[in-house]
Amino acid sequence: MVYIKSLNKNIFPYYIKPEENELFSSWLCRLSYSHEIKTNSFIANYLGRDFPIWNRDIDLMYNNKLIDLFSNRTPLNEDKIKLLFLESYDTYITDVFRNSGSVQNILPLGINHRTRKRFGMQCCPGCLSKSPSFYRKSWRFVSSIICVKCNVYLLDRCFVCDSPIVYFRVNMDINLSVTEFKSFCLCYNCKSDLRNYHSEQLPSPFEIEYQKFVDDTIDLGYNFLTQYSFTYIRILLTLAVRICSASKDNRLRKIVEKEFGISLPIISKEIRFWSISERITTLPIVYKLLKDHPYLISKLFKKGKVIRARVFKDKNYIPYWMDKCFKY
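For the sequence shown, this note's numbering gives the first residue as 305, with consecutive numbering after it.
Rendered as structure tokens:
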């Protein structure tokens, strides 16, 4: 440890600061690698070997032990440490943040011990190619499909072997005598470099507009429709599920397909489990429905005789700005 008089505390000797919008687990990996220590060993040195680190979604909720450790051993205070966790978006992406692995607009990892079965971590190959490489909190959002810095689609799996992106496992099996750590931009399974992926298809200007609007809504906490961003996110995701529902009398799906001259996919699973390609196909369409609210969506509800009870179940809270669009 290195004592810093101005901070009145001992900090890690090779401390590196977290980047803006960086996930806690991403920063933890970079910090441990800067000390030439595997993340498991790094945590075990201070919190013991029984401390659960990778057998749960470490980025989801605040953890008091981790916050205490890193606020005492880095120049960061508790509030800055908390910003690294997804819970920092509480009341921005959801009104109820729970520790059950089921949070509105957060992609699940499908954790089984240290393995990941679902594609809950996304990345932008362009951003990873810049120094320093790190993984962003916003890449865990269901609503995130595009990087507006690079204007490319996000990647939700290895482009070679289709494995989930699990960056902490890249150096998990490395020999302790080896001090050269591999880049955590690699696929943990086949070791392909995610930074080398180049999509043949680029987002349309309208899709980029969608992503910028949603990003701004979450960052600001409001938009022109609502003072509470989480209500917009709820409606966005709910309508996406409804227009892709396989229900027999799906009037909303029929009128949307007719209005835009498109054929929507039928998806029966929860939107948190949708692939990025399924979300790319659907979410910008819902944004188009809401863009000039209430005119287009009210017209389609009326024209297609869309019934409120068929779109929103009784248990769903419907904000007034959405409820007023229904005539039935």
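Glycine included, each C-beta is placed from N, C-alpha and C at the ideal position.
Nothing here was measured: the structure is a model prediction, and the numbers come from that model.
From the options, residue whose alpha carbon lies closest to that of residue i
i    : options                   : result
V615 : F630, L387 and W625       : F630
L498 : Y514, S433 and F423       : S433
N325 : L373, L351 and K384       : K384
N500 : C428, S442 and I559       : C428
I450 : R360, F389, Y337 and L587 : L587
M246 : V590, L593, I571 and F374 : Nothing about residue 246 can be read from this structure; the chain reaches only from 305 to 632.
L380 : I547, Y632 and K313       : K313
T542 : K486, R612 and K552       : R612
K386 : T521, G414, F328 and M425 : F328
C548 : E582, Y536 and Q515       : E582
Y307 : F488, L335 and N376       : N376
D460 : M476, K453 and C489       : C489
L540 : G608, S579, S448 and R473 : S448
K340 : I537, F389, N475 and I580 : The residue asked about is misnamed: residue 340 is Glu in this sequence, not Lys. Ranking the options by Cα distance to E340, first place goes to N475.
H417 : E391, P436 and R360       : R360
R334 : D596, S406 and S435       : S435
Y350 : I371, D363, I580 and W331 : I371
F517 : F389, Y591 and D553       : Y591
Q408 : D596, L594, I575 and F485 : I575
Y319 : S338, F605, Q531 and G414 : S338
L332 : D354, K309 and T378       : T378
P623 : V610, P598 and I362       : P598
K687 : L556, W578 and F564       : Lying before the first or after the last residue shown, residue 687 is absent from the chain, which here runs from 305 to 632.
Under the three-state DSSP convention, the category residue i falls into
i    : result
F445 : strand
Y307 : strand
K386 : helix
C427 : strand
N314 : strand
G416 : In the sequence as presented, Gly is not what sits at residue 416; that position holds Asn. Here N416 sits in strand by DSSP.
I410 : strand
Q505 : coil
S433 : coil
N475 : coil
S375 : helix
R614 : helix
S602 : helix
L380 : coil
E513 : helix
V518 : helix
D627 : helix
K607 : helix
K595 : helix
Sheet register partners of residue i (DSSP bridge)
i    : result
D394 : T398
V456 : C451
D497 : L490
R440 : E326
Q. Residue ranges of each alpha helix (DSSP H) run of no fewer than 4 residues wholly in the region 522 to 592, ordered along the chain?
A. 533 to 547 and 555 to 564
Q.
Using 8 Å as the cut-off, can you tell me whether the region 506 to 525 makes contact with the region 394 to 402, which would need three or more C-beta pairs spanning the two stretches below that distance?
A. yes
Q: Please confirm if the region 486 to 494 is in contact with the region 453 to 467, defined as three or more CB-CB distances below 8 Å between the two stretches.
A: yes
Q) Which runs of the alpha helix (DSSP H) fall wholly inside the region 317 to 368 and span at least 4 residues, in chain order? A) 328 to 338 and 343 to 351
Q) Below 8 Å, can you find three or more Cβ-Cβ pairs linking the region 497 to 511 to the region 350 to 368? A) no
Q: Determine contact between the region 554 to 571 and the region 435 to 446, defined as no fewer than three beta-carbon pairs at a distance below 8 Å.
A: Judged by Cβ distances under 8 Å, the region 554 to 571 makes no contact with the region 435 to 446, as fewer than three pairs qualify.
Q: Pair every Cβ in the region 576 to 596 with every Cβ in the region 509 to 520, then say whether three or more of these pairs are closer than 8 Å.
A: yes
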